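Q: 580 is the number that my numbering gives to position 579 of the sequence shown; each next residue is one higher, with no gaps.
Where a beta carbon is used, it is the ideal one built from N, C-alpha and C, also for glycine.
Since this is a predicted model, take the numbers as computed values, not measurements.
The structure under discussion is supplied below as structure tokens; questions concerning it will follow.
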Amino acid sequence: MSLRLITTASPWLILACLAAGALYAWLLYSKKAPWPKSLNYGLAALRFVVVSILCFLLMGPLIRYVSNTTVPPTIVFALDNSQSVALFSDSAALQATQQQLQQVRERLEEQGYRTAIQTLGEEQQESINNVTYGFETTNLSQLLTRVQDKYVGQNLAGVVLLSDGIVNQGMSPTYSNYGYTLYPVAVGDTVPKKDVLLASLRYNKVNYSGSRFPLEVEVQQEGFGGRTANVILQENGKTIASKKVLFRDNQPVQQVPFQVLASGLGKRHYVVQVAPLEGEFTTLNNTKHAYIDVVKGKIKVLIAAAAPHPDIKAIRSAIESNENYETTLFIPSVNELKQQDYDVAVLHQLPGRMAGAEPALNLVRQKNLPALYILGPQSDLPNFNRLNIGINLISSGQTDEVTAVPNSSFSNFQLPENAAERLQEYPPARVPFGDVRLSPNTEVILYQQVGRVRTNKPLLTVQTSDNKRNAVLLASGTWQWRLQEAANHEQPQVYNQLITNLVQLLNAPRNKKRLNVYPTQTEYTSSDEIRFNAEAYNEALEPIYGQNITLKITGEDEQTRNFTFANGENQSGVNIGTLPGGRYTYTATASINRQQQKDEGEFVVEELQLEALNAVADHNLLFQLASNSGSRLYYPQQLQQLEQDILQADHKNVIYSKEELSDLVDMKWLFFLLLGLVIVEWFVRKYNGSY
Numbered sequence: 002m003s004l005r006l007i008t009t010a011s012p013w014l015i016l017a018c019l020a021a022g023a024l025y026a027w028l029l030y031s032k033k034a035p036w037p038k039s040l041n042y043g044l045a046a047l048r049f050v051v052v053s054i055l056c057f058l059l060m061g062p063l064i065r066y067v068s069n070t071t072v073p074p075t076i077v078f079a080l081d082n083s084q085s086v087a088l089f090s091d092s093a094a095l096q097a098t099q100q101q102l103q104q105v106r107e108r109l110e111e112q113g114y115r116t117a118i119q120t121l122g123e124e125q126q127e128s129i130n131n132v133t134y135g136f137e138t139t140n141l142s143q144l145l146t147r148v149q150d151k152y153v154g155q156n157l158a159g160v161v162l163l164s165d166g167i168v169n170q171g172m173s174p175t176y177s178n179y180g181y182t183l184y185p186v187a188v189g190d191t192v193p194k195k196d197v198l199l200a201s202l203r204y205n206k207v208n209y210s211g212s213r214f215p216l217e218v219e220v221q222q223e224g225f226g227g228r229t230a231n232v233i234l235q236e237n238g239k240t241i242a243s244k245k246v247l248f249r250d251n252q253p254v255q256q257v258p259f260q261v262l263a264s265g266l267g268k269r270h271y272v273v274q275v276a277p278l279e280g281e282f283t284t285l286n287n288t289k290h291a292y293i294d295v296v297k298g299k300i301k302v303l304i305a306a307a308a309p310h311p312d313i314k315a316i317r318s319a320i321e322s323n324e325n326y327e328t329t330l331f332i333p334s335v336n337e338l339k340q341q342d343y344d345v346a347v348l349h350q351l352p353g354r355m356a357g358a359e360p361a362l363n364l365v366r367q368k369n370l371p372a373l374y375i376l377g378p379q380s381d382l383p384n385f386n387r388l389n390i391g392i393n394l395i396s397s398g399q400t401d402e403v404t405a406v407p408n409s410s411f412s413n414f415q416l417p418e419n420a421a422e423r424l425q426e427y428p429p430a431r432v433p434f435g436d437v438r439l440s441p442n443t444e445v446i447l448y449q450q451v452g453r454v455r456t457n458k459p460l461l462t463v464q465t466s467d468n469k470r471n472a473v474l475l476a477s478g479t480w481q482w483r484l485q486e487a488a489n490h491e492q493p494q495v496y497n498q499l500i501t502n503l504v505q506l507l508n509a510p511r512n513k514k515r516l517n518v519y520p521t522q523t524e525y526t527s528s529d530e531i532r533f534n535a536e537a538y539n540e541a542l543e544p545i546y547g548q549n550i551t552l553k554i555t556g557e558d559e560q561t562r563n564f565t566f567a568n569g570e571n572q573s574g575v576n577i578g579t580l581p582g583g584r585y586t587y588t589a590t591a592s593i594n595r596q597q598q599k600d601e602g603e604f605v606v607e608e609l610q611l612e613a614l615n616a617v618a619d620h621n622l623l624f625q626l627a628s629n630s631g632s633r634l635y636y637p638q639q640l641q642q643l644e645q646d647i648l649q650a651d652h653k654n655v656i657y658s659k660e661e662l663s664d665l666v667d668m669k670w671l672f673f674l675l676l677g678l679v680i681v682e683w684f685v686r687k688y689n690g691s692y
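Structural data, given as structure tokens:
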């Protein structure tokens, strides 16, 4: 460490500071004093020192500290502790390799090196001998990047990578430059094994109940040309389909298609298995799992109008932009009303002044369908007001031209971030001018803007009453909105999402549950930690916190796991850890204001099985990594050579310098020094009869 005093002014001014101190001491102590001359000289010296230092501090002096830290070279032992290393390596040979690597590590430490252990996970290991191989995926790029980031500024000399070279997640590490020497140690076997494996499954994760969906199985084989295998599809332990596949020598990969009936509703779990063949190296990769969500058929939307209008085409196109919706059009002068089980109705200018559309209105009343009412010049406002759908409009027949402004406090669904800007680009639409009154259970989605003036009048509203919802759009001519947005931005994203979100909101029953417990995801992998959140409400459906909740989770094996936790404002929820693959149901209960509340649902955990897919080590990847860093590839029997190469590289200690600047005037010891000198001078003068 070095210490240096520097100033912001010319050093020649120090002479002026000394001169000022000397002058001050001479003026004060040149007169005859009542104490001895030697004491007078001492007091003058004290005053000289104090005044000189005070003048010097006016120059803004700085103290410069320079500290040096010597950091020895660091060697990190990065271990690929994935399942494939243990599955496809000789266990005794792998254990011996670990022991030899630990010995190499200890000898490097004796030579002055720092060492550390890094695995695929975040856990810390004290010894290489303690590392176990259970990680379900291999991401070597992430492992090597983590080492690079963790040891910045710590004189990282090199990384010894123990791996079989099999990568099944992340990017290939050969495309990155890590900035340190890499010493790969190759384990595993590069000789292809006689094996049959299920490489992948292709299927739609969401399917409609009662329909058949394709499930395509990709089967790979090595060494079984001319043999026949049986591919079995199971659900709930029962075989629902099977197919024979003839392996060909010149075709290592073959596709086996199934057509599966999606029965029931909710999560479904299918197991695909290739019956083991005699002579297979392993059967761990003969099975894969498929998880699908079976939902009700498409949402059916009735679009009814008294007469043709461009709005109908725009709204119909917006609704059908979502593949889960299908529309049926009814116009009295064009077609007859189809009697179907509709989910939502869109009524354009109905009730209207023209006759013929009564069947659609009667269907909505009889089926109690949620509906979107669109007002226009042909609307019968008195009859509309009698529907009691959340809005009452009194108009003399005059109209206004308005644009749309979103209500920022509406939270039942979210529009895209650019919605406000695009809505301002829409051409004005005509709305009835008059007095608009909303019922208490009606929310505003869009407000009217006249010119540049934003008003409190609603343009689009939604009413929630019991379990039925209704919406009202006061504007006609909104077909121009969709056309304008498509012309300006290629896709009418905001218009389409506004209409589809509105239809979805109308179709969803009002959630009156006072306990809402749900997993943060509907699908997990077997390596993911599963977290549940919880919401609780009082009788007024206001959120409350601190409720004790019991969560029961049941798997396909009927094994039940119980958890208890309390809901909080920060949605901390509960972390239940990892679960094996399968379909799970859950039930949550809580006592809210002495009333028992219950919620239930389901989720799936997908078994990855990535590590069992490839039994052939990829030593070419490890060789490329070594070449990229100027090193070579090592095998377990060459660990002594690895140690010699590291030592011969003669990695040097690195000295890191740290410089700090601080104002001299900020140092407390200097203040107390000056104060002490002043006190001593004052005491001596008073003691010896100063006046």
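(1) By DSSP, does residue 476 sit in helix, in strand, or in coil?
(2) Can you list, in chain order, the stretches of the alpha helix (DSSP H) that have 4 or more residues and sit fully within the segment 101-180?
(3) If you measure between the beta carbons of residue 221 and residue 200, is that distance less than 7 Å?
(4) Pick out whichever of 320, 176, 688, 388 has its Cα sitting closest to the Cα of residue 464.
(5) Taking 8 Å as the limit between beta carbons, can you name the residues of its chain near residue 214, skipping five residues before and five after?
(6) Check whether the segment 535-553 and the segment 493-509 are in contact - that is, three or more C-beta pairs closer than 8 Å.
(7) Count the other C-beta atoms from every protein chain shown that fall within 10 angstroms of the C-beta of residue 490, then say buried if there are 16 or more, exposed otherwise.
(8) Is the CB-CB distance between residue 77 and residue 160 below 7 Å?
(9) Could you compute how far the alpha carbon of residue 61 sits from the alpha carbon of residue 32?
(10) Could you tell me which uninterrupted beta strand (DSSP E) segments, each at least 3 residues in length, are contained entirely in the segment 379-431, listed from first to last along the chain?
(11) Quick check on DSSP: helix, strand or coil for residue 335?
(12) On a CA-only basis, which of 183, 329, 51, 540 is nearest residue 25? Give me that one, please.
(13) If you count every other CB in all the chains shown that lies within 10 Å of the CB of residue 684, and 16 or more means buried, which is it?
(14) On the DSSP bridge list, what partners appear for residue 436?
(15) Would you call the CB atoms of residue 74 and residue 156 closer than 7 Å?
(16) Go through its chain and collect everything with a Cβ distance to residue 126's Cβ below 7 Å, but skip five positions before and after it.
(17) If I'm right that residue 384 touches residue 352 with Cβ under 8 Å, what's the distance once you round it to whole angstroms?
(18) Straight-line CA distance for residue 110 to residue 291?
(19) Can you name, in chain order, every residue of its own chain whose Cβ lies under 6 Å from the Cβ of residue 615, other than the five neighbours on each side?
(20) Using CA coordinates, which residue listed in 58, 85, 162, 494 is at the minimum distance from residue 634?
(21) Going along the chain, which unbroken runs of the beta strand (DSSP E) with 3 or more residues stay wholly within the segment 556-637?
(22) Taking DSSP as the reference, what is the three-state secondary structure of residue 377?
(23) Among residues of its own chain, excluding the 5 on either side of residue 461, which ones have a beta-carbon nearer than 6 Å to its beta-carbon?
(24) Between 429, 518, 422, 637, which lies nearest to residue 600 when the distance is taken from Cα to Cα?
(25) Work out the CA separation of residue 128 and residue 667 for me, nearest whole Å.
(26) Based on DSSP bridge pairs, tell me the residues matched to residue 223.
(27) Throw me the rounded Cβ distance for the residue 115 and residue 682 pair, which I believe falls under 8 Å.
(28) Report yes if the CB atom of residue 526 is closer than 7 Å to the CB atom of residue 607, and no otherwise.
(29) Entirely within the segment 35-78 and at least 3 residues each: give me those beta strand (DSSP E) ranges in chain order.
(30) Straight-line CA distance for residue 350 to residue 325?
(31) Within a Cβ cutoff of 8 Å, which residues of the same chain sit near residue 702, ignoring the five residues on either side of it in sequence?
(32) Using a Cβ-Cβ cut-off of 6 Å (strictly less than) and excluding sequence neighbours within five positions of residue 375, which residues of its own chain qualify?
(33) To the nearest angstrom, report how far apart residue 671 and residue 655 are at their CA atoms.
(34) Just the C-alpha distance for residue 304 and residue 314, rounded to the nearest angstrom, thanks.
(35) If you follow the beta strand (DSSP E) that residue 239 is in, where does it begin and where does it stop?
(36) Apart from the five residues on each side of it in sequence, which residues of its chain come closer than 6 Å, Cβ to Cβ, to residue 393?
A: According to the data block:
(1) In the sequence shown, the residue the question calls residue 476 occupies position 475. Three-state DSSP puts residue 476 in coil, outside helix and strand.
(2) 141-151
(3) Locating residue 221 in the sequence shown gives position 220, where the first residue counts as 1. Locating residue 200 in the sequence shown gives position 199, where the first residue counts as 1. It is a contact, given that the beta carbons lie within the stated cut-off.
(4) Start at 1 with the first residue of the sequence shown, and residue 464 comes out as number 463. Closest option to residue 464, Cα to Cα, is 388.
(5) On the sequence shown, residue 214 is found 213 positions in, with the first residue counted as 1. Contacts found: 204, 205, 208, 260, 261, 263, 293.
(6) no
(7) Your numbering for residue 490 matches position 489 in the sequence shown. With fewer than 16 Cβ atoms within 10 Å of its Cβ, residue 490 is classed as exposed.
(8) Translated into positions along the sequence shown, residue 77 becomes position 76. Translated into positions along the sequence shown, residue 160 becomes position 159. Yes; because the gap between Cβ atoms is below 7 Å, this pair is in contact.
(9) Along the sequence shown, one-based indexing puts residue 61 at 60. Along the sequence shown, one-based indexing puts residue 32 at 31. The alpha-carbon atoms of residue 61 and residue 32 are separated by roughly 34 Å.
(10) 392-407
(11) If you number the sequence shown from 1, residue 335 lands on position 334. Coil, per DSSP.
(12) Along the sequence shown, read from residue 1 onward, the residue named residue 25 stands at position 24. With distances taken between Cα atoms, residue 25 lies closest to 51.
(13) As a working mapping, residue 684 is identified with position 683 in the sequence shown. Under this definition residue 684 is an exposed residue.
(14) For the purposes of this step, residue 436 is taken as the residue at position 435 of the sequence shown. According to DSSP, residue 436 bridges with 395.
(15) As a working note, residue 74 is residue 73 in the sequence shown. As a working note, residue 156 is residue 155 in the sequence shown. Between residue 74 and residue 156, the C-beta spacing is below 7 Å.
(16) Taking the first residue of the sequence shown as position 1, residue 126 is located at position 125. Taken in chain order, the residues that qualify are 118, 120, 132.
(17) Within the sequence shown, the letter at position 383 stands for residue 384. Within the sequence shown, the letter at position 351 stands for residue 352. Sure, about 4 Å apart at Cβ, within 8 Å.
(18) As a first step, residue 110 must be located in the sequence shown, where it is residue number 109. As a first step, residue 291 must be located in the sequence shown, where it is residue number 290. Roughly 50 Å separates the two Cα atoms.
(19) On the sequence shown, position 614 is the one that residue 615 refers to. Around residue 615: 167.
(20) For this step, residue 634 is matched to residue 633 along the sequence shown. For residue 634, the nearest C-alpha among the options comes from 162.
(21) Listed in chain order, the complete beta strand (DSSP E) runs (minimum 3 residues) inside the segment 556-637 are 561-567, 575-578, 583-593, 596-607.
(22) Along the sequence shown, read from residue 1 onward, the residue named residue 377 stands at position 376. Looking at residue 377 - three-state DSSP - the assignment turns out to be coil, as it is neither helix nor strand.
(23) Mapped onto the sequence shown, residue 461 falls at position 460. The answer, listed in chain order, is 446, 447, 474.
(24) The residue given as residue 600 occupies position 599 in the sequence shown. Closest by alpha carbon: 518.
(25) In the sequence shown, residue 667 corresponds to position 666, counting from 1. In the sequence shown, residue 128 corresponds to position 127, counting from 1. Roughly 48 Å between the two C-alpha positions.
(26) As a first step, residue 223 is located in the sequence shown; it is residue number 222 there, counting from the start. 196, per the DSSP bridge assignment.
(27) Locating residue 115 in the sequence shown gives position 114, where the first residue counts as 1. Locating residue 682 in the sequence shown gives position 681, where the first residue counts as 1. Not confirmed; about 55 Å, so no contact.
(28) Here residue 526 refers to the residue found at position 525 when the sequence shown is read from its first residue. Here residue 607 refers to the residue found at position 606 when the sequence shown is read from its first residue. Yes. Within cutoff.
(29) 63-72
(30) Stepping through the sequence shown from its first residue, residue 350 is reached at position 349. Stepping through the sequence shown from its first residue, residue 325 is reached at position 324. Cα to Cα, the separation comes out at about 26 Å.
(31) Look at the range of the chain in this structure, 2 to 692, and you will see that residue 702 is not part of it.
(32) Along the sequence shown, read from residue 1 onward, the residue named residue 375 stands at position 374. Cβ neighbours of residue 375 beyond the five flanking positions: 349, 474.
(33) Counting from one through the sequence shown, the residue named residue 671 turns up at place 670. Counting from one through the sequence shown, the residue named residue 655 turns up at place 654. If I take the Cα positions, the gap works out to 36 Å.
(34) Indexing the sequence shown from 1 puts residue 304 at position 303. Indexing the sequence shown from 1 puts residue 314 at position 313. Cα to Cα, residue 304 sits roughly 10 Å from residue 314.
(35) Counted from its first residue, the sequence shown places residue 239 at position 238. Counting along the chain, the unbroken beta strand (DSSP E) around residue 239 starts and ends at 239-247.
(36) The residue you call residue 393 lines up with position 392 of the sequence shown. The answer, listed in chain order, is 386, 438.
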